[in-house]
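Residue numbers (our numbering), protein chains in the order written: chain A, 1098 to 1397; chain B, 4 to 218. For every residue, glycine included, the Cβ atom is placed at its ideal position computed from N, Cα and C. Since the structure is predicted, the reported quantities are computational estimates derived from the model, not experimental observations. Let me begin by presenting the structure, written as structure tokens, before commenting on it.
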Amino acid sequence: MSIMDNISYLLHETWLNIKSNKIPNIIAVTTIAIALSIFGFFFLFLINFHSIIDSWEERVNIVLYLKEQSSKEDLKTIKNYLASKKEVDSISYISKERALEEFKTRIGDKKTILEGLETNPLPSSFVVKLKKDYRESIFIKDFVRDVRMLQAVEDIEYGRDWVEKFEIFTHIIQMITLVVGGLLGLASILIIYNTIKLTVYSRKEEIEIMKLVGATHRFIKGPFIIEGMIQGTIAALLSLLTLWILYKTFIVQITAPMGNLLGLKQILFFNIYLALIFIFISLILGTIGSSLAIGRVLKI
Amino acid sequence: MIQLFHVFKSFGKIHALIDITFEIKKGDFAFVTGPSGAGKTTLLRLIYRDIRPDKGQILVNGINLLTIRESKIPYLRRSIGIVFQDFKLLKQRTVYENIAFTLRVTGTAKRDIKRKAWEALKLVGLTKKQDSLPSKLSGGEQQRVVMARAIVNKPSLILADEPTGNLDMDISMEIIDILKQINLNGITVVIATHDRELIKKYPTKIISLESGRIV
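In structure tokens form, the structure reads like this:
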């Protein structure tokens, strides 16, 4: 039997199997799609949550207040020093005048309280933003310790309490998502496996006949495994479509204002790579599920 | 062709076969007979290696069924055509597809499938029904499809387990006639039946079982 004959046999048998078992296949694909959608929904929550965390982390600035008598030379030294640090993403200098301007804008109509001032009491400062990987308190502390050595630096502020509490909060959330995600993932795998197992078991007699007429296990398994792959792929597409419709109709409209509030510029959906990974994982689960199920039936 | 030496088989506490020894030669037409529960089906299942004996030796076509590797069993089955009382046809496939399926799963080249299936259906006189579903056929016709399926791979041995069990006498005779015709082409045929009338009409080699023993 040639390779072409083998391929033609596989496709022909898979097609006949699907055609003659429409209802079980529809039920299986729907069940798998539901399981995947639940997991997918959770996954969407997760990527959006991470996006919020990132946007919050981005707000972590380290402000270096400079001494009143700092010279231009001092400013240059500090700037060069900061620029040489691997943790630093961006540096911006705020002069005394600009600090006062910004302060005036911030207090708005309460400007009158500044009227009695003869000199500008606000110090000049450098606002440092750290790179994404260095926004954790452990790196921030190290950075602050180094920068404190600079003579012209009077004080440093970075909302230490807030950073630490925020880290604890994200760790707790990460633990919860890990546990919930793990359980949901496991539940999805079990649902997918059991669904495929049921469709395979419902055709036990057919498999028995194949064995009796002398089909090798490889020949029996082939069409079932391809069917499992197709079920997995169609279910993933169906699930992505469901999530997309949900995303377009409900999530964006209802939660977008909330998202803005939380610092999320845009509610995210799967990008093309994540969608492909999602389909691929479902295809693999379909393949493994059908291989295990058919393997068990063949052993009976 | 088939040799059994002191074969024992039990299912739990039930002794299905006890110390069975016999030989069926190539080209034989043989009956295995006995009342229900005598061990006829168990005996056939041992021969097509659906189950293994507890004790004893079985040789089919010179192959020792106790030492045969799992992966070789499909190839043993291709040399054996099996006919069942309950037909075991694929209900959602037509007569032709049922036959073609057997050819496909045993690796027959695509170009030969149509011709071989047609030849088998011709032998059992069912070419006109090739597009029917099994459910649209009578019991006798379904059994003829099963026989076409059994011979399509040109086996050297046909095992028929109560092939006439569900059929009336006239149709039963037709079925046995076809099996006899197959046998005339040199294929060994072993029929398990409890029907004494049938055996009387075809005086031939008989292995008579009772409570798991040869009597």
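Item: 4 or more residues per run - each alpha helix (DSSP H) lying fully within the region 67-106 of chain B; Value: 76-81
Item: Straight-line Cα distance separating residue 124 of chain B from residue 141 of chain B; Value: 16 Å
Item: Residue 1332 of chain A classed as buried or exposed, judged by whether at least 16 other C-beta atoms fall within 10 angstroms; Value: buried
Item: Contact between the region 1377-1390 of chain A and the region 1303-1323 of chain A (3+ Cβ pairs under 8 Å); Value: yes
Item: Anticipated Cβ contact below 8 Å, residue 1185 of chain A with residue 1224 of chain A, distance rounded; Value: About 11 Å; that fails the 8 Å criterion.
Item: Span of the beta strand (DSSP E), counted from its first residue to its last, around residue 36 of chain B; Value: 32-36
Item: is_contact[residue 1125 of chain A, chain B] using C-beta, thresh 8 Å; Value: no
Item: Chain-ordered neighbours of residue 1339 of chain A on chain B, where CB pairs are closer than 8 Å; Value: The contacting residues do not exist; residue 1339 of chain A stays about 30 Å from chain B at best.
Item: Residue 149 of chain B classed as buried or exposed, judged by whether at least 16 other C-beta atoms fall within 10 angstroms; Value: buried
Item: Whole-angstrom distance between residue 1383 of chain A and residue 1293 of chain A, CA atom to CA atom; Value: 8 Å
Item: Paired residues, beta bridge with residue 179 of chain B - DSSP; Value: Answer is none; residue 179 of chain B lacks a bridge partner.
Item: Contact set between residue 95 of chain B and chain A, taken where Cβ atoms lie within less than 7 Å; Value: 1117
Item: Among A:1296, A:1304 and A:1369, nearest to residue 1125 of chain A - alpha-carbon criterion; Value: A:1296
Item: Local conformation of residue 191 of chain B per DSSP, three classes; Value: strand
Item: Residue 172 of chain B classed as buried or exposed, judged by whether at least 16 other C-beta atoms fall within 10 angstroms; Value: exposed
Item: Test: residue 1311 of chain A CB closer than 8 Å to a CB of chain B; Value: yes
Item: Residue 205 of chain B at chain A interface by Cβ criterion, 8 Å; Value: no
Item: C-beta atoms of residue 49 of chain B and residue 16 of chain B nearer than 8 Å; Value: no
Item: As assigned by DSSP and simplified to three states, the class of residue 128 of chain B; Value: coil
Item: Beta-carbon contacts of residue 58 of chain B that lie in its chain and below 6 Å, excluding the five residues immediately before and after; Value: 11
Item: Same chain, Cβ closer than 8 Å to residue 69 of chain B, five either side skipped, listed in chain order; Value: 55, 56, 60 and 61
Item: C-beta contact flag for residue 25 of chain B and residue 47 of chain B at 8 Å; Value: no
Item: Exposure of residue 167 of chain B, with buried meaning 16 or more beta-carbon neighbours within 10 Å; Value: buried
Item: Residues of the region 1287-1316 of chain A with Cβ closer than 8 Å to any Cβ of chain B, in chain order; Value: 1302, 1303, 1305, 1306, 1307, 1308, 1309, 1310, 1311, 1312, 1313, 1314 and 1316
Item: Distance between beta carbons of residue 1179 of chain A and residue 1200 of chain A, contact taken as under 8 Å; Value: Contact doesn't hold; Cβ gap of about 23 Å is too wide.
Item: 8 Å Cβ cutoff, residue 1230 of chain A in contact with chain B; Value: no
Item: Reference residue 1144 of chain A, options A:1392, A:1377, A:1363 and A:1395, closest by Cα; Value: A:1363
Item: CB of residue 202 of chain B within 8 Å of CB of residue 34 of chain B, strictly; Value: yes
Item: Complete alpha helix (DSSP H) runs within the region 1211-1279 of chain A (minimum length 4 residues, chain order); Value: 1234-1245
Item: Outcome for residue 1272 of chain A when other beta-carbon atoms lying within 10 angstroms are tallied against a minimum of 16; Value: exposed
Item: Inter-residue CB distance, residue 192 of chain B and residue 161 of chain B (contact presumed, cutoff 8 Å); Value: 5 Å
Item: Near the ligand HEM: residue 1266 of chain A beta-carbon under 7 Å from a heavy atom; Value: For the ligand HEM, the structure offers nothing, since it holds no ligand at all.
Item: Contact check, residue 1379 of chain A vs residue 1121 of chain A, beta carbons under 8 Å; Value: no
Item: Given 8 Å, three or more beta-carbon pairs between the region 1156-1171 of chain A and the region 1247-1260 of chain A; Value: yes
Item: Residues bridged to residue 163 of chain B (per DSSP); Value: B:86 and B:194
Item: Alpha-carbon to alpha-carbon, residue 1323 of chain A and residue 1343 of chain A; Value: 30 Å
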